[in-house]
Amino acid sequence: MLSATSPTTCAFMCKENEDCLSAHFSDDSSICRLYNRYLDTVVNSTNTYNETGSVYIEIPMSDRNLTCGRIMREAKITINLSTNDTIPDGWRLCYIDGRDTNYYFSDCRDLFDGFPGIGGNGGANELLDAGGNFGCWRGVTPEWGMEPAHGHWQDAIPDCCSAGSQHYNSMVPSFTCNPWQCNYYAVCVRLP
1 MLSATSPTTC AFMCKENEDC LSAHFSDDSS ICRLYNRYLD TVVNSTNTYN ETGSVYIEIP
61 MSDRNLTCGR IMREAKITIN LSTNDTIPDG WRLCYIDGRD TNYYFSDCRD LFDGFPGIGG
121 NGGANELLDA GGNFGCWRGV TPEWGMEPAH GHWQDAIPDC CSAGSQHYNS MVPSFTCNPW
181 QCNYYAVCVR LP
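The structure is reproduced here in structure tokens:
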């Protein structure tokens with residue numbers, strides 16, 4: 001979650017009542033990819049409107065935590081902003097994106113490293129052995145650095161929040177798309 005005590009903030013511009021489709025990040029661990037309509041759920045956010053109808057939003061950042069292990073990021077927005085699909089109860093939405101070049105061709109199951117609460121090395125086998133499961137789905141967002149909830153080409157939430165989905169596929173399979181066509185890989189995890 002966002003840290004209310006973090007001294008670092010990021011800021012981006014968007015028009016009032018318009019989705020914020022771009023953000024300027026001070027570092028890669030920023031989670032300042034939020035839409036105007038969801039600002040009410042953000043701690044310590046401040047909005048000031050200028051005369052042009054734009055809103056300047058300042059949102060505290062937090063360091064990447066390990067809720068999705070050492071490789072994946074945890075999605076902070078868990079509802080598809082186009083379809084309103086939400087992740088099922090007991091599941092967690094994680095992802096890699098265009099910044100994670102070392103993992104473009106990794107099988108989904110190999111993205112589990114240090115996943116908390118499942119024992120061992122926190123890998124996919126430990127998750128499955130503990131009674132959990134996961135599903136994976138690749139897609140595209142309007143701009144790099146956005147979470148799977150912003151996806152408009154494929155709907156990650158219902159497609160990846162399905163036990164056993166695409167365990168052995170990768171973000172960038174050569175037969176389907178390249179990093180410019182598939183810029184995120186969502187991993188939905190059912191916790192044991």
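When you number the sequence shown by full-length UniProt numbering, it's gap-free, plus one each residue, and the end is 192. Glycine included, C-beta positions come from ideal geometry on N, C-alpha and C.
Sub-9 angstroms separation of residue i and residue j beta-carbons
i, j, result
"V189", "W91", "yes"
"A75", "Y95", "yes"
"Y168", "D107", "yes"
Whole-number beta carbon distance between residue j and residue i, since they are thought to touch under 8 angstroms
i, j, result
"G122", "F134", "Not really, about 12 angstroms apart at Cβ, beyond 8 angstroms."
"P192", "G131", "4 angstroms"
"D85", "P158", "5 angstroms"
Selection from the options that minimises the alpha carbon distance to residue i
i, options, result
"S170", "G117, P192, N102 and N125", "N102"
"T83", "E126, A130, C160 and A156", "A156"
"T78", "G132, C160, D129 and Y168", "C160"
"M72", "L127, G114 and D85", "G114"
"G69", "I87, G119, S165 and T86", "G119"
"D97", "A186, Q166 and L191", "A186"
"W137", "L66, Q166 and N183", "Q166"
"A163", "R109, Y184 and N183", "R109"
Alpha helix (DSSP H) segment containing residue i, residue limits
i, result
"L127", "A124 to D129"
"I118", "Looking at the DSSP string, I118 is not in any alpha helix (DSSP H), and its letter there is neither H nor E."
"D159", "A156 to C160"
Unbroken beta strand (DSSP E) run spanning residue i, endpoints
i, result
"C188", "Y184 to R190"
"I96", "W91 to D97"
"C136", "N133 to G139"
Exposed unless 16 or more other CB atoms sit within 10 angstroms - verdict on residue i
i, result
"G117", "exposed"
"A4", "Only weak support exists for where A4 lies, its pLDDT of 30 falling under 50; the value from the coordinates is given anyway. The residue is exposed, with fewer than 16 neighbouring Cβ atoms inside 10 Å."
"G139", "buried"
"L127", "buried"
"L66", "exposed"
"R37", "Here the model assigns R37 a pLDDT of 30, short of 50, so the residue's position is not dependable, and the following value carries that caveat. That one is exposed."
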